[in-house]
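Trainee: Sharing a structure with you now.
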Amino acid sequence: MTTVPAIEQPATERSAAVPTAAGRPRRRSHSRRAGTPYAFLAPAIVLFVAFLGAPIVYAAYLSLRKVKVSGLGLGSGSRTEIWAGLSNYARSLTDPEFLPSVGRIGAYGLIVVPVMLGLALLFALLLDAGRTKVGGFTRTAIFLPYAVPAVVASLLWGFLYLPRVSPINDVLEGIGVGSPNLLGSSWILYAVANIAVWGGTGFNMIVLYTALKAIPQDMYEAARLDGATEIQIAWRIKIPIIAPSMVMTFVFSLIATLQVFAEPMTLRPLSNTISSTWTPLMKVYRDAFTRDDIYSAAATSVIIALATFALSFGFLKLVGSRAFRQED
Amino acid sequence: MAVLVKKRSSTATILLLLGALYCLAPVLWVLVAASKSSTELFSTFTFAPSTHLFDNIADLSNYRDGLYWRWMANTALYAGVGALASTFVSAMAGFALAKFQFPGKSVVFNMVLAGVLVPGVILAIPQYLLLAKVGMTNSYWSVLLPSIISPYGIYLARIFAAAAIPNEVLEASRVDGAGDWRTFVTVVLPMMRSGLVTVFLFQFVAVWNNFMLPYIMLGNDKLFPITVGLSGLLNQGAQQPSMYTSVVTGALLSIVPLIALFLALQRYWQVDLASGAVKG
C-alpha cells in the first residue's frame, strides 16, 4: 500500500521553478524531475482516496438508495436496491429522535467549549505571567488528562459519579445541598460535559501557552514600565496577539463536540438515562448496526459531515482567520 | 532603571493548584481504587487505599487467559505502527507540498484542509460499510489502515518542512548527485526530526484514544484495543459487579504507558497550532 515510488529514473522533464532564497542565482543543472512531487504524495493520496474520499462518496451513494422488497421478502432475489431520491434524508431529519440528539449536542457544546477554552486561556495566562512557583508542576498536572483516553476518562468519572463512590456527593451532602444523582436525567448533560472539559482543558492550555511564549517580552515591557497591571497586559496585548491560536482551538473543539460518542457510550452501563440515540453519531450507530438500516445511517452521516464542515469552515470565514493559510 | 521583579501572586498559585487538583483527582482515585477489593470499592472512603492491588492485577491477568494484555499489545500495535506509518506518509506529502511547485498543488492542499475539518470519526461508519464490501472488516488492517492517513499530520509536516529545510540544502544535496529519494531520507527527514516527533505523538495519542473506529470494525475480541476492551468489561460489570475491580485495575494499567510517554516527551508538546512551529 505504501510502497516507495521509484524516483531515481532518468530525467525527462525539468520541474517548474524551484523556490530559492531571494537574490541567489539558481542552479538548475540538476533540476528535479516533474514526477517527483507526485511520487512523494502518492501514498498519502492513495490512502486519502481509499479511506476518506471513497467512504464519503459511498455514503452519499447509499444515502440515495433503499431496499425494495418484492413478494414476501423471502429468497435472495426478492430484495433489490433501488434509487430512493432524498427520502432517506427526509426520514433522517424527521426522525423524532434526531432533533433531540442535535439539541442535546448543541447544549453540550455550549457548556463544553466556553468552559474548556475559558479555563485553558486562564491557566495559560497565569502560567505565562510567571508569578508563581508551582508553574512547572501545575502545567504538567493540568495537561495530564490528555494522556487518558476518553473511554478511560468516562470510566473514571463514571465511578466518581456513582452515589456509593462519589466524593462529590459527600461534599454536596456536607454543605446541605442533598445528594443528587449525577447520572440521572437532570445532571447527565453536565456529567458528560465535565468529562470533556477535564480531558480537553490541558491540551488547549498548552497550545495557548506556547503561543504566549512566542510573544517577544519587549512587547509588554513598555506597558509594564507605564504601570499597566498584568490583567491589562493580558487583555490588551496578549489575548489579541494569540487570537489566531484561539480560533484554532475553537475550531478543533467544535469538531470534537460534534463527534462525541465514546463518553456517552461508555457511561451507558452506569446510567439508564442515556438513550441509544443520545448524540447524532450514536443514532447513526444504532441505525446501521441495531436496525440494519444502512441507508438511513448513511444519510445521517452525510448530514453530520456537512454540518461539521459548514460550521468549522463558516466560523473561519466569519472571523476572517488567516489560520490554515498557504504561505507560499 | 526601574526594578521589574515580578511579584508573586497568591491568587495565581491558588487557581493553578485548584486546576491541578481537578485534573489529578480522578487519576489519584483510580490509583487508590485499584488497590481495593470489590466490596471495599463501594464501601470504604473514596480515597482510602487498601492492599489488594496485586490480587486485582492477578485477577485481571487471569481473565480469559490474559485477554487484557492482548488488548494492550493490540493497542501498542495499532498506535505504534499506525502512527509511525502515518508520520512517514505525512512527512513525504508535507515535503512535496512545501518544497515543490507542481500542477494540482493547490487542489491537493485544499483536500488536506477539507480533511482536517471533517474528522475521520464521522467517517467511521461509511468506512465500515466500504470495508465490509471488500471483506476487510474484523481484521487488524481495518483499524490500522484508516489510522495511517492524517490530514492534520500532513498539514503540520508541510509547515515543519517549509520552516526547517532551507532550499540551499536541497540544492547542495542535488549538486552532490543525490537523487530525490536519497535526499529525502538522508537530509530532509533528519532536519524535520523534532517536528516529526510532534506529528508522531499527535497521531499516536489519536489512535491510542480512538474508540469508535475499532468499536465498529472489530467483532473478534482478540483484536480489540484497550479502549474497546475496557468498555466491554464495564458492560459486563453491570451484570456482575465483581468485575468492577478488574475494570478499575484495567483502567489504571492502561493509562500508565501513555502517561510515562507524556512525561518523557513533554518538550515536544510545545506546539503552536496556528503557526505549527515547535518551540523549545
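From first to last, the protein sequence lines are chains B and V.
If you're matching positions, the first sequence starts at 1 in the UniProt record's numbering and goes up one per residue.
If you're matching positions, the second sequence starts at 1 in the UniProt record's numbering and goes up one per residue.
We put the beta carbon where it would ideally sit given N, CA and C, even for glycine.
Given the structure is predicted, the values throughout are model-derived calculations rather than measurements.
#1: Report yes or no: is there a C-beta of chain B within less than 9 Å of the C-beta of Gly-19 of chain V?
#2: Quick one: list the residues of chain C neighbouring Ser-254 of chain V, beta-carbon separation under 8 Å, in chain order.
#3: Check the C-beta distance from Lys-213 of chain B over to Leu-125 of chain B and give it rounded, since I have them as a contact under 8 Å.
#4: For Ile-82 of chain B, name the three-state secondary structure that DSSP assigns.
#5: Can you have a look at Ile-294 of chain B and say buried or exposed, based on whether 16 or more other CB atoms are within 10 angstroms of its CB?
#6: Just how far apart, CA to CA, sit Ser-185 of chain B and Ser-179 of chain B?
#7: Tell me which same chain residues have a C-beta within less than 6 Å of the C-beta of Arg-28 of chain B, skipping the five on either side of it?
#8: Output, in chain order, the set of chain V residues within a Cβ distance shorter than 9 Å of Met-265 of chain B.
#9: Can you name the start and end residues of the beta strand (DSSP E) that Arg-65 of chain B belongs to?
#10: What whole-angstrom Cβ distance do Leu-250 of chain V and Leu-60 of chain V have, given they're in contact under 8 Å?
#11: Is Ala-157 of chain V near the ligand GDP - that is, is its Cβ less than 8 Å away from at least one heavy atom of it?
#12: Is Gly-320 of chain B close to chain V? Criterion is C-beta to C-beta, closer than 9 Å.
#13: Taking any Cβ of chain V, which residues in the segment 109–129 of chain B have a Cβ under 8 Å from it, in chain order?
#14: Compute the Euclidean distance between the alpha carbons of Val-32 of chain V and Trp-208 of chain V, then round it to the nearest angstrom.
#15: Is the CB of Leu-196 of chain V under 9 Å away from at least one CB in chain B?
#16: Considering only the beta carbon of each residue, do Asn-74 of chain V and Ile-216 of chain V sit closer than 9 Å?
#17: Taking only runs of the alpha helix (DSSP H) that begin and end inside the segment 132–214 of chain V, which ones reach a length of at least 4 residues, in chain order?
#18: Counting only C-beta atoms, is Ala-73 of chain V closer than 9 Å to chain B at any point?
#19: Going straight from the alpha carbon of Gly-153 of chain V to that of Asp-170 of chain B, what length do you get?
#20: Express the C-alpha separation of Gly-115 of chain V and Phe-40 of chain B in angstroms, rounding to a whole number.
#21: If you reduce the DSSP assignment to three classes, tell me which class Gln-240 of chain V lands in.
#22: Let me check understanding here. Comparing Cα to Cα, which of B:Glu-81, B:Ser-275, B:Ile-255 and B:Val-319 lies closest to Ala-196 of chain B?
#23: What does Ala-264 of chain V reach in chain B if we use C-beta pairs closer than 7 Å?
#24: Any beta carbon from chain B within less than 9 Å of Trp-269 of chain V's own beta carbon?
#25: Below 8 Å, how does it come out for the segment 81–92 of chain B and the segment 294–305 of chain B: are there three or more Cβ pairs, yes or no?
#26: Using three-state DSSP, classify Val-18 of chain B as helix, strand or coil.
#27: Between the segment 85–96 of chain V and the segment 152–170 of chain V, do three or more beta carbon pairs fall short of 8 Å?
#28: Thinking C-beta only, is Cys-23 of chain V closer than 9 Å to Ala-141 of chain B?
#29: If contact is defined by three or more beta carbon pairs under 8 Å, each pair taking one atom from either stretch, is the segment 161–172 of chain V in contact with the segment 97–110 of chain V?
#30: What residues of chain B sit near Ser-9 of chain V, judged by a beta carbon separation below 9 Å?
#31: With 16 other CB atoms within 10 Å as the buried threshold, where does Trp-83 of chain B fall?
#32: Quick check: what's the CA-CA separation for Ile-168 of chain B versus Val-185 of chain V?
#33: Return helix, strand or coil for residue 293 of chain V, following the three-state DSSP convention.
#34: Taking Trp-269 of chain V as part of the alpha helix (DSSP H), name the residues at either end of that continuous run.
#35: Which full runs of the alpha helix (DSSP H) of 4+ residues lie inside the segment 263–290 of chain B, going along the chain?
#36: Buried or exposed: which applies to Tyr-61 of chain B, given that a residue is buried once 16 or more other Cβ atoms fall within 10 Å of its Cβ?
Mentor: Short version:
#1: So yes, Gly-19 of chain V belongs to the interface.
#2: The chain labelled as chain C is not found among the protein chains of the depicted structure, namely B and V.
#3: Not quite, the Cβ-Cβ distance comes to about 12 Å (not below 8 Å), so this is no contact.
#4: Reduced to three states, the DSSP call for Ile-82 of chain B is strand.
#5: With 16 or more other Cβ atoms within 10 Å, it is buried.
#6: When rounded, the distance between both Cα atoms is 14 Å.
#7: In this predicted model, Arg-28 of chain B has a pLDDT of only 43, less than 50, meaning its place in the structure is not dependable enough to derive any value.
#8: Within chain V, the residues near Met-265 of chain B are Phe-211, Met-212, Tyr-215 and Ser-231.
#9: That run of the beta strand (DSSP E) goes 65–69.
#10: Going by the sequence as given, residue 250 of chain V is Gly instead of Leu. Gly-250 of chain V to Leu-60 of chain V, Cβ: 6 Å. Contact.
#11: Absent from the structure shown: the ligand GDP. Ligands present: none.
#12: The beta-carbon of Gly-320 of chain B is placed no less than 9 Å from the nearest beta-carbon of chain V.
#13: Those residues of the segment 109–129 of chain B placed with their C-beta closer than 8 Å to a C-beta in chain V are Leu-119, Leu-122, Phe-123, Leu-126, Leu-127 and Ala-129, ordered along the chain.
#14: Between Val-32 of chain V and Trp-208 of chain V, the C-alpha separation is close to 24 Å.
#15: It does not; no Cβ of chain B falls within 9 Å.
#16: Cβ atoms of Asn-74 of chain V and Ile-216 of chain V: not closer than 9 Å.
#17: Counting whole runs of 4 or more residues, the segment 132–214 of chain V contains the alpha helix (DSSP H) stretches 140–148, 151–164, 167–175, 180–183 and 193–209.
#18: No, because no Cβ of chain B sits closer than 9 Å to the Cβ of Ala-73 of chain V.
#19: Going by C-alpha positions, Gly-153 of chain V is about 45 Å away from Asp-170 of chain B.
#20: Taking the CA atoms as reference points, Phe-40 of chain B sits about 19 Å from Gly-115 of chain V.
#21: Secondary structure at Gln-240 of chain V: coil, using DSSP grouped into helix, strand and coil.
#22: When each option's Cα is compared against that of Ala-196 of chain B, the closest is B:Ile-255.
#23: Here the premise fails: no neighbours, minimum Cβ distance about 11 Å.
#24: So, interface residue.
#25: Contact between the segment 81–92 of chain B and the segment 294–305 of chain B is present, because at least three Cβ pairs lie under 8 Å.
#26: Any answer about Val-18 of chain B is weak, because its pLDDT of 43 lies below 50 and its placement is not dependable; what the coordinates show is given next. Of the three classes helix, strand and coil, the one that applies to Val-18 of chain B here is coil, per DSSP.
#27: Yes, they touch.
#28: Cβ distance < 9 Å, so Ala-141 of chain B and Cys-23 of chain V count as in contact.
#29: Yes: at least three Cβ pairs fall under 8 Å.
#30: In chain order: Leu-126, Ala-129, Arg-131, Thr-132 and Glu-230.
#31: By the neighbour-count criterion, in which 16 or more other beta carbons inside 10 Å mark a residue as buried, Trp-83 of chain B falls on the exposed side.
#32: Their Cα atoms are separated by approximately 54 Å.
#33: Nothing can be reported for residue 293 of chain V: it is not among the residues displayed for chain V, which extend from 1 to 280.
#34: It is not in any alpha helix (DSSP H) - Trp-269 of chain V carries neither H nor E in the DSSP assignment.
#35: For the segment 263–290 of chain B, the full-length alpha helix (DSSP H) segments reaching 4 residues or more read 280–285 along the chain.
#36: Exposed.
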